[in-house]
Structure formats: C-alpha cells, structure tokens
Amino acid sequence: MKVGVFDSGVGGLSVVKSLLEHRLFDEIIYYGDTARVPYGTKDKNTIIRYSLEALEFFNNFDIDLLITACNTVSAYALDEMREASRYGVVGVIEPGIRAVQNRLSDKNSEILITGTRATIASGRYQTALQDLGYRHLTAMQTGLFVPLVEEGIFEGPLLNEMMAYYFKDIPPPAAVILGCTHFPLIAKEMSGYFDNVPLMIHSGEAIVEYLVEQYGFTTSSKESQLKIFASDNVEGLRKVAKVWLGEDGQRV
Ligand code: DGL
C-alpha cells in the first residue's frame, strides 16, 4: 500500500518516523508545504484552501490513503479533503483522542492540550475530550515552539524560558497532548518541566495505533520506501529528515 503524508512543513516527519518504525506501508510519499508554513497562524478558509491545493500534489501519485499529519489541517480541513479525494483521508486528532481514552481512565485527571493557535481555537481536542467526560482540561496555544524546533533547538535555555512563559501557572498534568507535529521533538523536555508527566500523547504513535485498530494494518517485514517532496527548499527538508529520522533518514 502506498500512503501519502501531508504536513504544512517539516513537522510531519515526526509522524513519518512512527510510520517507518512500524512498517505499515510499502511506500510513503511525504509532502510538506514549506513555501507556506506555518498554517497554525492562518484563518480557517486559508487552511482549507491550502489543504485542498495539496491534494493536487498527491494526484501525481496513485496513493491508497492520505494521512494529514498536521494537527491544524486535521482540525479544519478533513471533511473538505475527504469530499474532494477518491481515497481515504485520516487526520491525527481522532487518533490522539483515542490514545487518551485508551490510557487514561480517571476522568478527573489534569490534561494539558498544546497546539498551534488555530488548532486550539478550533476547540477540536477540547470538545472531544469533554464529550468523553474529561473535566480538567487546559488548552494552550504554544506556537512559539514551532520555529524553535524548526531551528533544530530541542533543549537548552531558550526552550526552558519558553516553557516557563507558557506553563508557569499550569497545574502538573497527568497527560500532555502534543497537538502539533513539532512537539514530539521537545516532548522529553516538556515532560521534564513538570517533573515527568506520566502520559505524553504523540500524533505519530497515536495514528499508528489507530491504523492498526481501525483499519487492521499490520507490520510488514519489509522496510517502507520514503519519498520526500516540498513546495519550497526540498534540500532543507531532506536535511531535517536525516536529523529527525536518524538511520531511517539515510534512505531519503
Ligand atoms: N504542522 C502544524 C501542526 O501540526 C504545525 C506547524 C504550522 O503551524 O504549520 O499543527
């Protein structure tokens, strides 16, 4: 099976990493809209328009399924993308919610939801968790982490300063939703800030679990082929892939 993975930029590689580790697909076609990133600061209509335009890119490949690794796209454009495409389109928010539900039975647990301004403003995570009965939610837009991670800064004083800026008044959470593709790269530091959060919800791991549970995908013995494309600075994206994907990045 051939899967497309769409993200606003480099961040979706954190989801690709999980897909590669679990070898659910023969081939992964990654497209990052690096010319127009970030999406998380844009309005709903712009996010939908950009997402529909990305489908035109995937028309060049005969994909069987499209994963929108981007939380911002998943929050706003899934219905429109599904209507406009002939293959299935899966976002990362529903899998993230399921991952919480599968792991956190105490509905009084403190949950911190992090994401871009647009993702948090959409209320998608908050509404779904409230509907499941979770009562103690803090939703926080933490968009400054995005350029930091893009700069390759995953630890150190700048990140510590930003975490203090965002989290200083937050009660220690039992779970943190990393509701943005970039955040898994600073998950360890975020967890450490709160003296080790028991549960960090990562879109990549959540979607793998979801694809196995809901679609019956299984791990293959063969490694997946990865092809990377971008609307701008493809070389830059390939370089990031080599750093983020570790040994798997060598195959890009
Ligand atoms: N990929 C985006 C997300 O997961 C983060 C970067 C952006 O703002 O485009 O929401």
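Everything in the sequence shown is counted per the working numbering, starting at 1 for the first residue and increasing by one. Where is the CB? At the ideal position from N, CA and C, for every residue including glycine. This structure is a prediction, so every number in the text was calculated from the model and none was measured.
Y194 (DSSP reduced to helix, strand or coil): Taking the sequence shown and counting its residues from 1, the one referred to as residue 194 is at position 194. In the sequence as displayed, the identity of residue 194 is Phe instead of Tyr. Residue state, collapsed to three classes: coil.
Paired residues, beta bridge with V90 - DSSP: In the sequence shown, residue 90 corresponds to position 90, counting from 1. DSSP, once it has assigned bridges, lists I67 as partnering V90.
Check: Y193 C-beta below 7 angstroms from any heavy atom of the ligand DGL: Indexing the sequence shown from 1 puts residue 193 at position 193. The answer is no for Y193.
Ordered list of beta strand (DSSP E) runs contained in the region 112-150, each at least 3 residues: 136-141
Cα-Cα separation between L245 and L13, rounded to whole angstroms: One-based indexing of the sequence shown puts residue 245 at position 245. One-based indexing of the sequence shown puts residue 13 at position 13. Roughly 7 angstroms between the two C-alpha positions.
Chain-order list of residues whose beta-carbon lies under 6 angstroms from that of R82 (same chain, five-residue window excluded): Numbered from its first residue, the sequence shown carries residue 82 at position 82. So the list reads V89, once near-sequence residues are dropped.
S105 classed as buried or exposed, judged by whether at least 16 other C-beta atoms fall within 10 angstroms: The residue you call residue 105 lines up with position 105 of the sequence shown. The residue in question, S105, is exposed, as its Cβ has fewer than 16 Cβ neighbours within 10 Å.
Stretch-stretch touch, CB-based, cutoff 8 angstroms, three pairs: the region 213-230 with the region 4-20: yes
Whole-number beta carbon distance between G179 and Y134, since they are thought to touch under 8 angstroms: What you label residue 134 is simply residue 134 of the sequence shown in a count that begins at 1. What you label residue 179 is simply residue 179 of the sequence shown in a count that begins at 1. 14 angstroms between Cβ atoms; not a contact.
Which listed residue (K168, Y39, A175, A121) has its alpha carbon closest to that of F108: Start at 1 with the first residue of the sequence shown, and residue 108 comes out as number 108. As written in the sequence, residue 108 is Asn, which differs from the Phe given in the question. Out of K168, Y39, A175, A121, A175 has the C-alpha closest to the C-alpha of N108.
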